[in-house]
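Numbering (this note's numbering), first residue to last: 221 to 538.
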C-alpha cells in the first residue's frame, strides 16, 4: 500500500490492540474480517484463502463497514456491516432510526420529498414544560430510544427535561465499536436544536428543510473521538424552493449542520427545460455544486432489468 492507503487504513479501519499498545497491521485487519465470517460457517477452505489473499493484495474490497466492525461490534448488530442505507422521512420514528443506523457506522440516504413528509403528523399548537425526564442510557440503543421519546413528546407539545449523567465522558475509549466517546454535549445540543425546530413549527407539519436540518443535526452529533462518522444524501423535489436554496449564501455560518449532507433532486420524470435550467442556474449561483441529480426512473429501470427487486419501489440512494 502507498502512504495514503496506509493512512486511511490506520485512521479508519485498524482496531486498537490494547494488550500490545498499537493498532492492527493491514494483514491483521484482513484476518479479523475473514475470520469473522469463517467462524460463522460462511467462508470455508479454499474460498477463505482465496478471498484473504485477494483482499490483502487489494485485488478486491469487501464492505468497508465490515472491515471496520468485524468482531464484537458486528456480532452485536449486523447493521454495522452495511456501507449504505436509505429511508423516507415519513414517520416520527424515521428520525431515531436514522440516528441508530448512523451510529452503527452506516451511511444514510433520506428523502424529504413532499409525498413522504406529508405523512408526518401536525405539531402541537402550543408547548408547555413537562414533568417527564428522559434518562439517556450509554449505548447506541439508549441514545436512539431517548431521541424517539423526545420527538414523541415534542409532537404532543411537551418539553421534557433530560438526564445524560449516565453517558461516559468525552474521550473515553469505546471498547466494542472502537474509537472514543464524544460525551453528552453533542446529544444535548441535538435535543435543544429539536426543541427549537418544533417550537417554530407549532400548529403545522415540519417543512422539508426542517426535516432535512433535523437529519443533518443528528449526523452532526455522530462522532467518535472527534472524527466525523456520518455520511448523508438528502433527496428532494425539483419544485422545492426551500431545498433548492438550502446551501445558498453564508449557510455555513448559521446552519452549519447542513454540511453533513449532499443534496440531490429526485427526478421522477423528465423535467421541462425551464425548470431544469432554473435548477442549474441556482446550482451555479450557490457556489456549492448542489443540488445533484438522482433519477428514480433510472433506478427503477435498473431494478427491473436485474430482476432482484420490486421495480415499483420508490428507490433512493446513498
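Virtual Cβ for every residue (Gly too), placed ideally from N, Cα, C. Quick caveat: nothing in here was measured; it's all calculated off a predicted structure.
Closest Cα partner of residue i within the set the options
i	options	result
residue 485	428, 303, 231	428
residue 355	349, 438, 385	385
residue 274	492, 246, 290	246
residue 414	387, 369, 395	369
residue 290	522, 396, 473, 490	396
residue 234	250, 531, 421, 224	250
residue 331	455, 238, 528, 373	455
residue 328	494, 463, 453, 479	453
residue 299	324, 277, 318	324
residue 402	258, 513, 226, 363	363
residue 409	230, 309, 438	438
residue 305	294, 528, 326	326
residue 319	407, 267, 269, 243	407
residue 349	339, 373, 357, 537	373
residue 221	277, 297, 367, 240	277
residue 231	482, 282, 399, 488	399
residue 284	376, 295, 495, 302	302
residue 480	351, 244, 322	322
residue 513	524, 490, 522, 337	490
residue 482	223, 470, 463	463
residue 281	346, 229, 422	229
residue 287	257, 266, 308, 378	257
Under the three-state DSSP convention, the category residue i falls into
i	result
residue 232	helix
residue 522	helix
residue 257	helix
residue 465	coil
residue 539	Residue 539 lies beyond the range of the chain shown here (221 to 538); nothing can be said about it.
residue 452	strand
residue 406	helix
residue 528	coil
residue 314	helix
residue 395	coil
residue 267	helix
residue 536	coil
residue 276	helix
residue 354	strand
residue 388	coil
residue 322	helix
residue 445	Legend: pLDDT at residue 445 = 47, less than 50; position of this residue unreliable, value from coordinates given subsequently. Of the three classes helix, strand and coil, the one that applies to residue 445 here is coil, per DSSP.
residue 509	coil
residue 415	helix
residue 226	helix
residue 250	helix
residue 542	The requested residue 542 does not occur in the structure, where the chain is confined to residues 221 to 538.
residue 361	helix
residue 374	helix
Range covered by the beta strand (DSSP E) that runs through residue i
i	result
residue 513	512 to 515
residue 496	Not the beta strand (DSSP E): residue 496 falls in the alpha helix (DSSP H), residues 493 to 506.
N- and C-terminal bounds of the alpha helix (DSSP H) containing residue i
i	result
residue 484	Per DSSP, residue 484 belongs to no alpha helix (DSSP H); it is in the beta strand (DSSP E), 481 to 487.
residue 434	428 to 441
residue 281	Here residue 281 belongs to no alpha helix (DSSP H), and DSSP marks it neither H nor E.
residue 294	292 to 296
residue 473	471 to 474
Outcome for residue i when other beta-carbon atoms lying within 10 angstroms are tallied against a minimum of 16
i	result
residue 432	buried
residue 316	buried
residue 472	exposed
residue 253	buried
residue 500	exposed
residue 314	buried
residue 460	buried
residue 227	exposed
residue 292	exposed
residue 477	buried
residue 342	exposed
residue 532	exposed
For residue i, the residue or residues it bridges with in DSSP
i	result
residue 379	349
residue 331	308, 455
residue 424	Looking at the DSSP assignment, residue 424 forms no beta bridge with any residue, so it has no partner.
residue 237	242
residue 400	393
Any non-hydrogen atom of the ligand COA closer than 8 Å to residue i Cβ
i	result
residue 503	Annotation note on the ligand COA: not contained in the displayed structure, which lists no ligands.
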